[in-house]
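Some notes on the structure that comes next.
In our numbering, the protein residues as written are 103 to 771.
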C-alpha cells in the first residue's frame, strides 16, 4: 500500500511541477507583457515615442523595414564570372574579391540596402546583384561591369606651384574649417565614441594603421610618449592632413645596417630575361664571398652589383626586407658576410651594425588638408604608372615572432623595378593604394624595397588582412563578368504589391481572429491577444536581423500566422476533451497543453526541415519565403506554449471566468 501511495504522490507531484506555480504566474505574465510591449515599440517607434513623451533615454529611432525589389521597385541582375584562367584553389577568393568590388560600387550609387551575393550553378560561378529603388539602371550596369582599377599613388608635389593671393587666402580659410573638423573629431574620440566610429566621418571612412615606426619618425615625436591605447590630445599636422593619433603598440626590436651586392640570374623574376643561370650566379657569389672584406666591399659592389642597392646608412628592421635577408641579419654577427636567394637575384650581404631600438605603432584618423596641390589636377595623390597590371598577387602571412598578420605584395619584373625606385624616393612618406578611385591602404615607406616583393604591416587583425588581400587581388587579377539576366520592377508596381500584401495580411488576420473568438469563445479571445504578441515579436525580429521582406517573404509570414493559430486549435480541442472528462479547469488546461505539444512539435519540426531545404537549395526569392516562415514557426511555438498558456492560467483564477459557456462545454468542475 505504501508503495502505491508513494507512486501516486510522486505522479501527482510531477504533474503539478509542469504547471506554472501560482506565485510565478504574475511574474511570467509581467515578463511576457514587457517583451511584447518592447517589441511593439521597436516595430512602431513613433507611437512608442509619443507614448513616453519627453523621456529621452527611452526614445527609439525610426528604423524602417528592409523591403525587397518587388515591393519598392528596382533591378535584379545576374552576372556570370569567367574563372577559367584562375586556379581551382583561388576561384572562390577571386569571386569574393569581385563581389567586394561590386558592393562598394553599388554603395556609391546611394542604393538602400543593396544585396550582392555569390552562387554556383553547376560549373558556373555567378554574382547576384539586387538594387532596390535605383533610378539609373543603365549607369549602374555600366559601372558594375567595369574591370576593377588598382593604382599605386605617391603624395603630390606642390613645391613648384605659384599661388595667387586669392588662392593663398582660400587655402588659409579652408584650413581653418578643416582644423575645426579635426578638433571636433578629436573631441568625439576622447569622449565615449569608438575610434572606428569617429573614423567613419574622416578620410576613407576608416582607421589607418602605421605599422611599427622607429623613434626618428615625426609620428613618434608627436605621440610616442603616450600610454599604450591612449589618444593624443593635440592634432598632428602634415602637408596633407590634420590627424588624430592613437598609440597602439610599443616594442623594442632589432634594427640593422647592411650592404649588398646583387647578382641577377634567369630564375629571378626582377632580373627579366637574364642570360646567366642560377648556378653561374652562385659561383660568382661564392667567389665574392671568398674575397670580400669590410675595406674592399664598396669596390666589389661598384664592379659586380647589377641592380640598384639600398641606402646603406639607413637602419632597417628584418621584417622590412626579404625573408632570407632578414633571417641572415638576425643570425649573423656584425661584420659577417653571407648569401641570400631573393626574387631580385642572389645577394651577397655584409652586416655592418645592429642595435635595439624602440618602435611604435599608431592608428590614425585623418582629415584632408587643403594645400597648394589642390590647385593642380591630381596633385593630392599623383599617379606613378604602377598598378594592377604589374601586381602578380597578394597574400596574407604572419610574423614569425609576434604572430601578427601582414599582407605581401608580389610584383612582376617591371613592377618590382618601379616599386623599388618609388620606395627609394619616398622613405618616411606614404604610398597610397587606390581601388576604383578609393584609398584602401596608405602604408608608410620604411626603406627602399628592391626585391619586387613588399609587405604591408600595421594591419588590425586577420579579417582586415584578408579583406585587403582580397581587394588587391580583385584589382590585380580582374575576373571578367557577363550580365546574363536582368529583371526590373517599377516603383509603382512595387507600391501596389506592397499595399495588396498588407491588405491581404490584415484581412486574413481579422477573419482568423473572428473565427477563433466565435468558435472557441474565451480561449479564442486569449489566442487573439497571444497572436497580437506573436506578430509584434516576429516583426521586431524582421527589423532587428534585418530580414529583406519580399512578396514571397510576406507570404511566408502570413502562412506562419495560420500555423500559429493551428497550434492554438490543437490545444483548445484537447482542452475541451479534458473538460468533458470532468477535470477541473486548471488541470484541464495543463493536460490540454501537455497532450497537444507532441502534435505541435512534430508538425512544426517537419515545416522547419522543409524551410531549411528551401533556404539552402533555392534562389533568393524562395529563400525569403523560407526564412520568414521559419522565424514565424519558431515564434509561433513560443506564442502558443507560453503566451497563450499564461493567459489561460490567469483567466482560470479570475472569478467568473470559469463558466462553461465561455469554454463551449456543458459543465466545469
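Think of the CB as a built atom: it goes at the ideal place given N, C-alpha and C, for glycine as much as any other residue.
Skipping 5 residues on each side, what residues in its chain have a beta carbon closer than 6 Å to that of residue 582? Locating residue 582 in the chain shown gives position 480, where the first residue counts as 1. The answer, listed in chain order, is 184.
Roughly how many whole angstroms lie between the Cα atoms of residue 765 and residue 742? Residue mapping note: residue 765 aligns to position 663 of the chain shown, counting from 1. Residue mapping note: residue 742 aligns to position 640 of the chain shown, counting from 1. Whole-angstrom Cα-Cα distance: 17 Å.
Quick check: the Cα distance between residue 417 and residue 434, rounded to an integer number of angstroms? Taking the first residue of the chain shown as 1, we reach residue 417 at position 315. Taking the first residue of the chain shown as 1, we reach residue 434 at position 332. Distance between the alpha carbons of residue 417 and residue 434 is about 16 Å.
Which same chain residues end up closer than 8 Å to residue 754 when comparing Cβ atoms and leaving out the 5 residues on each side of it in sequence? Sequence index remark: in the chain shown, residue 754 carries index 652 (1-based). Excluding positions up to five away in sequence, the list reads 687, 688, 691 and 760.
Would residue 573 and residue 537 be called neighbours here (beta carbons separated by less than 9 Å)? Numbered from its first residue, the chain shown carries residue 573 at position 471. Numbered from its first residue, the chain shown carries residue 537 at position 435. Taking 9 Å as the Cβ cut-off, residue 573 and residue 537 qualify as a contacting pair.
Just grab the DSSP bridge partners of residue 760 for me. What you label residue 760 is simply residue 658 of the chain shown in a count that begins at 1. Looking at the DSSP assignment, residue 760 forms no beta bridge with any residue, so it has no partner.
Write down every uninterrupted run of the beta strand (DSSP E) in the region 346-428 whose length is 3 residues or greater and which is fully enclosed by it, in chain order. Runs of the beta strand (DSSP E) inside the region 346-428: none found.
Given that a residue counts as buried once 16 or more other Cβ atoms are within 10 Å of its Cβ, and exposed if not, what is residue 680? As a first step, residue 680 must be located in the chain shown, where it is residue number 578. By the 10 Å Cβ count, residue 680 comes out buried.
Can you give the beta carbon distance from residue 333 to residue 352, rounded, assuming they're within the 8 Å contact cut? Position 231 of the chain shown, counting from 1, holds the residue named residue 333. Position 250 of the chain shown, counting from 1, holds the residue named residue 352. Rounded, the Cβ-Cβ distance is 15 Å, inconsistent with contact.
beta-carbon residue 550 near the ligand MN non-hydrogen atom, thresh 8 Å: By its list of ligands, the structure shown contains no ligand whatsoever, and the ligand MN lies outside what it can speak to.
Pairwise C-alpha distance: residue 284 and residue 200: In the chain shown, the residue the question calls residue 200 occupies position 98. In the chain shown, the residue the question calls residue 284 occupies position 182. Going by the C-alpha atoms only, they are around 34 Å apart.
For residue 659, tell me which candidate among 621, 523 and 639 has the shortest Cα-Cα distance. Counting from 1 along the chain shown, the entry for residue 659 is found at position 557. Looking at the Cα atoms, 639 is the closest of the given residues.
Going by beta carbon distance, what residues of the same chain come within less than 7 Å of residue 769, once the five residues before and after it are set aside? Here the question's residue 769 lines up with position 667 in the chain shown. Taken in chain order, the residues that qualify are 762.
My guess is that residue 182 and residue 345 are in contact by the Cβ rule of under 8 Å, so how many angstroms apart are they, rounded? The residue given as residue 182 occupies position 80 in the chain shown. The residue given as residue 345 occupies position 243 in the chain shown. Their Cβ separation, rounded to whole angstroms, is 44 Å, which puts residue 182 and residue 345 out of contact at 8 Å.
Alpha-carbon spacing of residue 59 relative to residue 603, whole angstroms: Lying outside 103 to 771, the shown extent of the chain, residue 59 is not represented and no answer is given.
Between which two residues does the beta strand (DSSP E) holding residue 460 run? Counting from 1 along the chain shown, the entry for residue 460 is found at position 358. Run containing residue 460: 447-470, per the beta strand (DSSP E) assignment.
Decide if residue 772 is buried, meaning its Cβ has at least 16 other Cβ atoms within 10 Å, or exposed. Here the chain comprises residues numbered 103 to 771, so residue 772 is not present and cannot be evaluated.
Residue 473 burial status per 10 Å Cβ neighbour count (16 or more: buried): As a position in the chain shown, residue 473 is number 371, starting the count at 1. Label assigned to residue 473: buried.
If you draw a straight line from the C-alpha of residue 106 to the C-alpha of residue 694, how long is it? One-based indexing of the chain shown puts residue 106 at position 4. One-based indexing of the chain shown puts residue 694 at position 592. Note that residue 106 scores a pLDDT of 40, beneath 50, so its modelled location is shaky; the value from the coordinates is reported in the next line. The straight-line gap from Cα to Cα measures roughly 26 Å.
Does DSSP put residue 686 in a helix, a strand or coil? Residue 686 sits at position 584 when you count from the first residue of the chain shown. Note: residue 686 maps to coil in three-state DSSP.
Do the region 661-669 and the region 621-628 meet, that is, are 3 or more Cβ pairs less than 8 Å apart? Touching, no.
Just mark residue 458 as buried or exposed, buried being the case when its beta carbon has 16 or more other beta carbons within 10 Å. The residue labelled residue 458 in the question sits at position 356 within the chain shown. Result: exposed.
Out of 492, 376, 368 and 364, which has the shortest C-alpha to C-alpha gap to residue 391? Taking the chain shown and counting its residues from 1, the one referred to as residue 391 is at position 289. Checking every option, the nearest Cα to that of residue 391 belongs to 364.
Does the separation of the CB atoms of residue 315 and residue 309 fall below 9 Å? The residue given as residue 315 occupies position 213 in the chain shown. The residue given as residue 309 occupies position 207 in the chain shown. No. Outside cutoff.
Which listed residue (463, 634 and 585) has its alpha carbon closest to that of residue 607: For this step, residue 607 is matched to residue 505 along the chain shown. Of 463, 634 and 585, the residue nearest in Cα terms is 634.
Quick check on DSSP: helix, strand or coil for residue 625? For the purposes of this step, residue 625 is identified with residue 523 of the chain shown, where counting begins at 1. Helix.
Can you give the Cα-Cα distance for residue 165 and residue 430, rounded to whole angstroms? Mapped onto the chain shown, residue 165 falls at position 63. Mapped onto the chain shown, residue 430 falls at position 328. Going from the Cα of residue 165 to the Cα of residue 430 covers about 59 Å.
Under 9 Å between the Cβ atoms of residue 337 and residue 292? In the chain shown, the residue the question calls residue 337 occupies position 235. In the chain shown, the residue the question calls residue 292 occupies position 190. It is not a contact, given that the beta carbons lie outside the stated cut-off.
Under 9 Å between C-beta atoms of residue 313 and residue 463: Taking the chain shown and counting its residues from 1, one reaches residue 313 at position 211. Taking the chain shown and counting its residues from 1, one reaches residue 463 at position 361. Yes; because the gap between Cβ atoms is below 9 Å, this pair is in contact.
CA-CA distance, residue 570 and residue 229? Stepping through the chain shown from its first residue, residue 570 is reached at position 468. Stepping through the chain shown from its first residue, residue 229 is reached at position 127. The alpha-carbon atoms of residue 570 and residue 229 are separated by roughly 20 Å.
Per-residue DSSP class, three states only, for residue 568: The count along the chain shown starts at 1 and reaches residue 568 at position 466. Reduced to three states, the DSSP call for residue 568 is helix.
Considering only the beta carbon of each residue, do residue 484 and residue 255 sit closer than 9 Å? By one-based count along the chain shown, residue 484 stands at place 382. By one-based count along the chain shown, residue 255 stands at place 153. Yes, Cβ-Cβ distance for residue 484 and residue 255 is below 9 Å.
Buried versus exposed call for residue 586 [16 or more other C-beta atoms within 10 Å across all chains shown]: Sequence index remark: in the chain shown, residue 586 carries index 484 (1-based). Exposed.
Measure from the alpha carbon of residue 494 to the alpha carbon of each residue in 555, 487 and 561, then state which is nearest. Against the chain shown, residue 494 aligns to sequence position 392. Of the candidates 555, 487 and 561, the one whose C-alpha sits nearest the C-alpha of residue 494 is 555.
Quick check: residue 744 and residue 141, are their CB atoms within less than 9 Å of each other? Walking along the chain shown from the start, residue 744 turns up at place 642. Walking along the chain shown from the start, residue 141 turns up at place 39. No.
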